[in-house]
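So the sequences go chain by chain: A and B. The working numbering numbers the first residue of the first sequence as 13 and each following residue consecutively. The working numbering numbers the first residue of the second sequence as 10 and each following residue consecutively.
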Amino acid sequence: MRIYEKFRQLKARKEGALIAYICAGDPTPEATKEYVTALVRGGADIIELGLPFSDPVADGPTIQAGIERALAGGMTPDVYFKTVASLHLHIPLVVMTYYNLIFKRGIEKFAKDCVSSGISGIIVPDLPPEESGELDEVCRDNGIDLIFLVAPTTNEGRMKNILAKGTGFIYLVARLGVTGARADVALSTKELIERVKTKTPKAVGFGISNGRQASEIIAAGADGVIVGSAFVDIIAKGGDVAGKLEALARELKEGTRSP
Amino acid sequence: MTGLDSTKFGKYGGQFVPEVLMPALSELTEQYEKYKDEPGFNKELDYYLRDFAGRPSPLYHAKRLSREYGIKIYLKREDLVHGGAHKLNNTLGQALLTKYMGKKRIVAETGAGQHGTACAMAGAAFGIPTEVYMGYKDTQRQRMNVYRMELMGTKVNPVKSGSQTLKDAINEAMRDWVANVEDTHYLIGSVVGPHPFPTMVRDFQSVIGKEVRGQIMEKEGRFPDSIVACTGGGSNAMGIFHPFVEEDVDLFAVEAGGTDMKVTEKEAFHSASLCTGEDGVLHGARTMILQNKYGQILESSSIAAGLDYSGVGPELAYLAETGRLKPRHSGDAEALEAFHDLSRLEGIIPALESSHALAYVKQAAASGELGDIVVVNVSGRGDKDLETVRGMMK
Chain A
13 MRIYEKFRQL KARKEGALIA YICAGDPTPE ATKEYVTALV RGGADIIELG
63 LPFSDPVADG PTIQAGIERA LAGGMTPDVY FKTVASLHLH IPLVVMTYYN
113 LIFKRGIEKF AKDCVSSGIS GIIVPDLPPE ESGELDEVCR DNGIDLIFLV
163 APTTNEGRMK NILAKGTGFI YLVARLGVTG ARADVALSTK ELIERVKTKT
213 PKAVGFGISN GRQASEIIAA GADGVIVGSA FVDIIAKGGD VAGKLEALAR
263 ELKEGTRSP
Chain B
10 MTGLDSTKFG KYGGQFVPEV LMPALSELTE QYEKYKDEPG FNKELDYYLR
60 DFAGRPSPLY HAKRLSREYG IKIYLKREDL VHGGAHKLNN TLGQALLTKY
110 MGKKRIVAET GAGQHGTACA MAGAAFGIPT EVYMGYKDTQ RQRMNVYRME
160 LMGTKVNPVK SGSQTLKDAI NEAMRDWVAN VEDTHYLIGS VVGPHPFPTM
210 VRDFQSVIGK EVRGQIMEKE GRFPDSIVAC TGGGSNAMGI FHPFVEEDVD
260 LFAVEAGGTD MKVTEKEAFH SASLCTGEDG VLHGARTMIL QNKYGQILES
310 SSIAAGLDYS GVGPELAYLA ETGRLKPRHS GDAEALEAFH DLSRLEGIIP
360 ALESSHALAY VKQAAASGEL GDIVVVNVSG RGDKDLETVR GMMK
């Protein structure tokens, strides 16, 4: 399923999207299948599945730890695409990874692997529009959305350029810093949502961990929320992981329904 | 090509960083461009380089070593710069720029602790609060440097993620910068990272090569046949090479050969990214990288913490690709031997990093590859390595 179709569907139902991130292979490839299924059961609208890179500079300690567990559990790009292909999801799935893994595999091959395993979009946190030319072109040729990030520090000139390039959704970085769960929704987040003027759906990530925050962000004008660290934290703590993932997804999804 | 008009050196370099950092990089580029040729800035920098750092550093004809190795050797004595290494050239430049930009805080990474120490010195000299990230493993093998930094008022944060060495310290310093970009300058210690860092750090380090130009003309009436410098990230190498890139002088970048030139899926037993690495993107730049078939970064290895890095400056990758620079390597054992040679014959204890450059001169002198006169950059002094060397000799 394409990302725009999902957002169109949600808009008709007057709901925001819940975009749920976990790192593939954390702690094993088999567990990922179970956890993704749990997130979907809980109501996730889009799955963002991390492809772990050894040097994840844009991620905070929680997700870094998940990435380390995944690498230790044997996750590689080959295993990743196999795992994704076996998921058979009815909702869009996007891959989040760092540029070197795409570059090394070969941009063309990476895109083809995305298409054949059912991936709808790509997020590359260390690839600003200035460096994205080649990937951008290949994504367009293959009908894959290349999702760009905007930050509170993004000035108007850059914003225009990013909004012109971005497809699928625009990833709004809610606050300065790396990924990680935070207690409050900062004022700067609301300002950023207002500053991003586009028809492409806007999803806010970084620091969202509960239904109340999700609700506030949708109320502030976002089309979706992206939640990662809170889910990865559940995996780190262990116990009935699938049950807890489903429960948190349900709470967050409820938040996106009732702004 | 190598100025501020482009973010790249050929296909290498660029700005592969999170969006949140892009405005900071543009600002830094603008501000650096504004001050780099500005008389007031340069006057102040020259003052600190002279009266605080102790420049110019001598170019010393090492007669006894020359006799032993069979080639006329001049040593560029960066080991005599305040702090015991070339690192201060760059930190004074960037700390001064921090002041001119009106930023209130400096963060930095360090490998061996030499750059961290140089940051601590510059931070203290300019009164700018400084925090340094250092791999936990490195804090253990370079304890005295940690203490030195702390004495000068710098906060040292040990990094326990990943391989707990330089690359992880860079990751952590970048994360800090991402979170505090509005009031913080990231004082990168080598010619690595996103544009404009490789260009800016090279420029600040070029004082080394500029001095050599005048000094060698005075002593020999001509340029040397070759220049040899050790290369991890490559800042001492680019510093001495850059003013000679357009001249008829052979440039040798000597990487750390570690214990063995082989690699596994997870680690390399060396740090020779120019010699054996592959094209990729690490820490904001496209360059030569030690990586596995999937593009995961390998943990590098060397007896010299300051060379222990999986990447290399993008300009070095470019100069190697065009053939202007010759990448070479020497291993832990050869470096140790050269360390002892210079100590015994000249009364100069070199850093283990610099010992790799000396080791290559010893190895290559007989082949004629280096010509008749070679300048070796003694990038730092070896006091910090005494514990390591003693441990290995037992």
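C-beta: ideal position from N, C-alpha, C; glycine also.
Check	Outcome
Quick check on the DSSP output: what are the complete beta strand (DSSP E) runs of length 3 or more inside the stretch 25–70 of chain A, in order along the chain?	29–35 and 58–62
If distances are taken between C-alpha atoms only, which option among B/F25, B/P207 and B/G120 comes closest to B/H292?	B/F25
Between B/A182 and the rest of its own chain, which residues show a CB-CB distance below 7 angstroms, the 5 nearest in sequence each way excluded?	V116, A117, E118, Y142 and Y195
How would you write the range of the alpha helix (DSSP H) that B/V210 sits in, first residue to last?	F206 to Q214
B/D88 to A/N173, Cα distance in whole Å?	48 angstroms
Nearest-angstrom Cα distance between B/K164 and B/E287?	35 angstroms
If you compare alpha carbons, which of A/D148, A/T44 and A/A234 is closest to A/A176?	A/D148
Assuming B/S311 contacts B/D269 under a Cβ cut-off of 8 angstroms, what Cβ separation, rounded to an integer in Å, is found between them?	Actually they are not in contact, since the Cβ atoms of B/S311 and B/D269 sit about 11 angstroms apart, beyond 8 angstroms.
For B/D259, which of helix, strand or coil comes out of DSSP?	strand
Based on Cα-Cα distance, which residue from A/M171, A/L139, A/G85 and A/A186 lies nearest to A/P41?	A/G85
Any C-beta of chain A within less than 7 angstroms: which residues of the stretch 302–330 of chain B qualify?	Y303, G304, Q305 and I306
With a threshold of 16 other CB atoms inside 10 Å of the CB of A/H102, please say whether the residue is buried or exposed.	exposed
Excluding the 5 residues preceding and the 5 following B/M110 in the sequence, name in chain order all residues of the same chain whose CB lies nearer than 8 angstroms to its CB.	E36, L37, Q40 and H194
What's the gap between the Cα of B/I382 and the Cα of B/A133?	40 angstroms
Count the other CB atoms, across all protein chains shown, that sit within 10 Å of the CB of A/A195; report buried if there are 16 or more and exposed otherwise.	Here A/A195 scores only 49 on pLDDT, less than 50, and its place in the model should not be relied on; the value that follows carries that caveat. Counting Cβ neighbours within 10 Å, A/A195 comes out exposed, since fewer than 16 surround it.
In this structure, does DSSP put A/A226 in helix, strand or coil?	helix
So for A/V96, helix, strand or coil by DSSP?	helix
Pick out the complete beta strand (DSSP E) segments inside the stretch 118–201 of chain B, 3 residues or longer, and give them in chain order.	139–144, 164–168 and 193–195
If you draw a straight line from the alpha carbon of B/D375 to that of B/S235, how long is it in whole angstroms?	Rather than Asp, the amino acid found at residue 375 of chain B in this sequence is Ala. Whole-angstrom Cα-Cα distance: 14 angstroms.
From the DSSP output, which residues share a beta bridge with A/Y183?	A/L161 and A/A215
Could you tell me the alpha carbon to alpha carbon distance between A/V185 and A/I15, rounded to whole angstroms?	19 angstroms
In terms of residues, what are the limits of the beta strand (DSSP E) holding A/A234?	No beta strand (DSSP E) contains A/A234, which DSSP labels as neither H nor E.
Pair every Cβ in the stretch 175–189 of chain B with every Cβ in the stretch 328–342 of chain B, then say whether three or more of these pairs are closer than 8 angstroms.	no
Which of the three DSSP states, helix, strand or coil, is assigned to B/K17?	strand
On the CB-based measure, 16 or more other CB atoms within 10 Å of its CB, does B/R295 come out buried or exposed?	buried
Taking a contact to mean a Cβ-Cβ separation below 8 angstroms, would you say B/L74 touches B/L345 in this structure?	no
Just confirm the distance between the C-beta atoms of A/M108 and A/Y47, as a whole number of angstroms; I'd bet it's less than 8 angstroms.	With a Cβ gap of about 15 angstroms, A/M108 and A/Y47 do not count as contacting.
State the DSSP-derived secondary structure class of B/P359, mapped to helix, strand or coil.	strand
Determine which residues share a DSSP beta bridge with B/H338 and list them.	B/E264
Expressed to the nearest angstrom, what Euclidean distance is found between the alpha-carbon atoms of B/N189 and B/V387?	36 angstroms
What does DSSP give as the partner residues of B/E308 in its beta bridges?	B/E276
Quick check on A/D252 - is its C-beta less than 8 angstroms from some C-beta in chain B?	no
Quick one: is A/A195 near chain B, going by C-beta distance under 8 angstroms?	Any reading at A/A195 must be qualified, since the residue scores a pLDDT of 49, below 50, and its modelled position is unreliable; the value itself is stated next. By this cut-off, A/A195 is not an interface position.
What do you get for B/Q149, buried or exposed, if any count of 16 or more other CB atoms within 10 angstroms of its CB means buried?	exposed
For B/P32 and A/E142, I'd like the C-alpha separation in whole angstroms.	12 angstroms
B/M10 CB to nearest chain A CB: under 8 angstroms?	Annotation note: pLDDT 38 at B/M10 (below 50); position unreliable, coordinate value reported separately. Closer than 8 angstroms: no.
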